[in-house]
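Read the structure below first, then the notes.
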Amino acid sequence: KDNTSTVSADLASKQASTFLGKPVPDELILKINRVGSYAIWRANVCSAINHFECSRQVSAEIILRCIREPQRTRLVKKIPLAAVRDQGHVAIIKALDASNMNRLEMRAIESDWRGLQQHSGETIPAFADRLEDLAHIKETLTGITVTDAEMSERLADGLTDADAIMAKSVVDPSLKLPYEEFKQGMLGFLESIKANGQFSIM
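Quick note: to get this note's numbering, add 103 to the position in the sequence shown (first position is 1).
Okay, structure coming up:
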């Protein structure tokens, strides 16, 4: 984040409000209710901040607004103001990581990735959206790119709808196509079958 000039606490608060809105969306509030929930929140909120032009002070304010009391006050007391000025939200994340980020968190994300499955009645695009969101979280946390082949494999392995499984076996049974081509190929196949009235897309 850019920090060529410091901003007042009032201005930082206003800019954070512009980014988050009022009240803060529930999905951005840190809620540690299961193993892996911190890692998911961390990846999502940091990714959002990285797409927002703001100073380091503002980025720190954004993170703090996503943390409920009394945890927020405890964090503020632990982190030197100089660290916030120098590192912005990264200083807050480091403090949170110290108590929340561990091997169990990473294992939970990997388990979610390996076990991701299409829900009953869920369309291929909706399932693919969830897959792509989780891939982004994995990449953000590990710094390792999820390959096209891995994306195709997880999409194929996670399909549970009979129509979708048939589309997979017809379009690319060996999973040689690039991920987007594979996904669009299945959708095209299902649309053609639907148009012919042979069976419906789930």
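Ideal Cβ placement from N, Cα and C applies to all residues, glycine included.
Closest by C-alpha distance to residue i, when choosing among the options
i      : options                : result
Ala267 : Ser223, Arg233, Trp216 : Ser223
Glu284 : Ala211, Gly139, Leu258 : Leu258
Pro281 : Asp251, Met269, Leu290 : Asp251
Ile182 : Leu114, Ile195, Gln174 : Ile195
Same chain, Cβ closer than 6 Å to residue i, five either side skipped, listed in chain order
i      : result
His192 : Ile152, Ser162, Ala163, Ile166
Residue i in three-state terms, based on DSSP
i      : result
Ser158 : strand
Asn299 : coil
Pro173 : coil
Leu290 : helix
Residue i classed as buried or exposed, judged by whether at least 16 other C-beta atoms fall within 10 angstroms
i      : result
Lys197 : exposed
Ser272 : exposed
Ile247 : exposed
Asp264 : buried
Leu199 : buried
Arg168 : buried
Contacts around residue i, its chain only, beta-carbon distance under 8 Å, and the 5 residues preceding and following it disregarded
i      : result
Leu234 : Leu219, Met254, Arg257, Leu258, Gly261
Ser303 : Confidence in Ser303 is poor, its pLDDT being 48 and thus under 50, which makes the residue's placement too unreliable to answer from.
Glu208 : Val138, Gly139, Tyr141, Ala142
Ile54  : No answer is possible for residue 54: it lies beyond the span of the chain, which begins at 104 and ends at 305.
Whole alpha helix (DSSP H) elements within the stretch 218–260, 4-residue minimum: 227–245
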